[in-house]
Amino acid sequence: MAKEPQTPLDEELARREQEAEPQPVEGELEDAVEAAEQAESDEAELESDNPEAEMLAARVEELETSVAEAKDQALRAAAEAQNVRRRAEQEAEKARKFALEKFVKELLPVVDSLEKALDAMADEATEAHREGVSMTLKMQHDVLAKFGVEAIEPSGEPFDPQFHEAMAMVPNPELEPNTVMEVMLKGYLLNGRLVRPAMVIVSQAAG
Numbered sequence: 001m002a003k004e005p006q007t008p009l010d011e012e013l014a015r016r017e018q019e020a021e022p023q024p025v026e027g028e029l030e031d032a033v034e035a036a037e038q039a040e041s042d043e044a045e046l047e048s049d050n051p052e053a054e055m056l057a058a059r060v061e062e063l064e065t066s067v068a069e070a071k072d073q074a075l076r077a078a079a080e081a082q083n084v085r086r087r088a089e090q091e092a093e094k095a096r097k098f099a100l101e102k103f104v105k106e107l108l109p110v111v112d113s114l115e116k117a118l119d120a121m122a123d124e125a126t127e128a129h130r131e132g133v134s135m136t137l138k139m140q141h142d143v144l145a146k147f148g149v150e151a152i153e154p155s156g157e158p159f160d161p162q163f164h165e166a167m168a169m170v171p172n173p174e175l176e177p178n179t180v181m182e183v184m185l186k187g188y189l190l191n192g193r194l195v196r197p198a199m200v201i202v203s204q205a206a207g
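First residue of the sequence shown? That's 1 in UniProt numbering, and the numbers climb one at a time after it.
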């Protein structure tokens, strides 16, 4: 059967179908891979051939180390300053509390004398005299208490060498050994610190 002659329309359709078919890409993938490898090689060579970049990187690392050390030193200095301030505050508070210690020691014999005078007043002393000495002694006690002075009167308590001074030891079967039998002279504390120990007589086992 003879092939029918193609019309111009048929020729145009055949031409377009041929153009639409995928064209061969032989060698394009290999070319792309080679180009990528060459780019990586060029970048590596550029970095190795750039000593200025390496120097800048080393300088950045050095500066970061310096900043970290400076920060650590600043924190240590701040902590030390806080400790110094705390110690100074403690010393100032201690000085404020115990600044009167010497004055209190000088004042205590006056208080002792007033107490002895009041105890020694016999019946012949007038009521006015006794009341005057008693009021003066009370004023002294009030002033001492106002500034943190506290009396130690340990009669009947166990002997404590930190706050008591034993003037004598007397056998006494009615008391436990090492009990304060009598207070000969009161002791005093200033804000909890011993200013003068109490002078006491202590019991001991009867033998």
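Cβ coordinates follow ideal geometry from the N, Cα and C atoms, glycine included. Predicted model only: the values in this text are computed from it and were never measured.
Cβ-Cβ separation between residue 163 and residue 197: approximately 6 Å, consistent with a contact (criterion under 8 Å).
Taking a 10 Å sphere around the C-beta of residue 203, we find 16 or more other C-beta atoms and assign the residue as buried.
When the beta-carbon positions are compared, residue 184 and residue 199 come within less than 8 Å of each other. Exclusion of the five residues before and after residue 51 leaves no residue of its chain whose Cβ lies closer than 6 Å to its Cβ.
Residue 188 places its beta carbon 8 Å or farther from that of residue 133. Contact between residue 100 and residue 147 holds, with the beta-carbon distance rounding to 6 Å and staying under 8 Å. Assignment of residue 153 by DSSP, reduced to helix, strand and coil, places it in the coil class. For the pair residue 175 and residue 157, the Cα-to-Cα distance works out to about 10 Å. Per DSSP, reduced to three states, the secondary structure at residue 136 is helical. For residue 204, the three-state secondary structure derived from DSSP is strand. Between residue 120 and residue 137, the alpha-carbon positions lie close to 14 Å from each other. Residue 114 is positioned such that its CB atom lies no closer than 8 Å to that of residue 82. Between the alpha carbons of residue 150 and residue 111 lies a distance of about 13 Å. The C-alpha of residue 205 lies about 13 Å from the C-alpha of residue 181. Its chain contains 159, 200, 201, 202 as the residues whose beta carbon lies nearer than 8 Å to that of residue 166, once the 5 sequence neighbours on both sides are disregarded; these appear in chain order. Counting the other CB atoms within 10 Å of its CB gives residue 179 a total of 16 or more, which places it among the buried residues.
If you look at residue 109, you'll find it in the alpha helix (DSSP H) that goes 101-120. Cβ atoms of residue 172 and residue 97 stay farther apart than 8 Å, at about 38 Å.
In the DSSP annotation of this structure, residue 176 is not part of any beta strand (DSSP E), being labelled neither H nor E.
The Cβ-Cβ distance between residue 102 and residue 152 does not fall below 8 Å.
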